[in-house]
Amino acid sequence: MMNKEIVNYLGLMKDSLVKKDKLLSEIIALTKEQGVLLGETEFDDEVFDKLIAKKSILISEINKLDEGFDLTYKRIADKVKGSPADYREPVEELQNLIRTLVDKGVEIETAERRNQTKFDLQVSKSRDKIRNYNINSSAVTKYYSNMSGNTGESTYFLDQKK
């Protein structure tokens, strides 16, 4: 015989999973947006930071939902396990939702790995730009120094000729 209170708790757990599904979908969209941004020739770090901030907010919301889900589960687990046949249908619904969430989690993880590779490439390009700038800057400084006659090397050669 189904306990109305347990059914209500199972409904709350389902609602929590549905909300988590929506949040994960938003994270997937933001992760794809990051991937596009990382693939562009001109990397916009401000937009990238904003995407990360949005994802952080969504992740904290997911963590809150998970905490509530776990607390609710602990509250009713013994009663549901005690008479599983009574709650089979709502429990199967929860299991199906959880499978969907796991699939989305794997999708996010895969996209994040791809983005990490692209991010590493962007960082490498930035380092190369900085290195080239420093080399060019040093060459320009030496050139102007030579042109103005302010090199320490010329006095050394003059002293050697005497």
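Here the sequence shown stands for residues 14 to 175, where the numbers follow my numbering.
Positions of the beta carbon are idealized from the N, C-alpha and C atoms, including for glycine.
Treat the numbers as computed from the prediction; the structure is a model and nothing was measured.
- Contact check for L23 against I89 passes: the beta carbons are separated by less than 9 Å.
- For N109, the three-state secondary structure derived from DSSP is helix.
- Apart from sequence neighbours up to five positions away, the residues of its chain that approach K68 with a beta-carbon distance below 7 Å are I40 and L43, ordered along the chain.
- Excluding sequence positions up to five before and after I121, its CB lies within less than 8 Å of the CB of L37, I40, I41 and T44, all in the same chain and listed in chain order.
- Taking each of N21, N16, V20 and L30 in turn and checking the Cα distance to G118, the smallest one comes out for L30.
- Look at T130 here: in three-state DSSP terms it is helix.
- By the Cβ rule, the stretch 127 to 135 counts as touching the stretch 49 to 60, because three or more pairs are nearer than 8 Å.
- Non-local C-beta neighbours of P103 in its own chain, meaning closer than 6 Å and more than five positions away in sequence, comprise L23, ordered along the chain.
- Rounded to whole angstroms, the gap between the alpha carbons of R101 and F82 is 18 Å.
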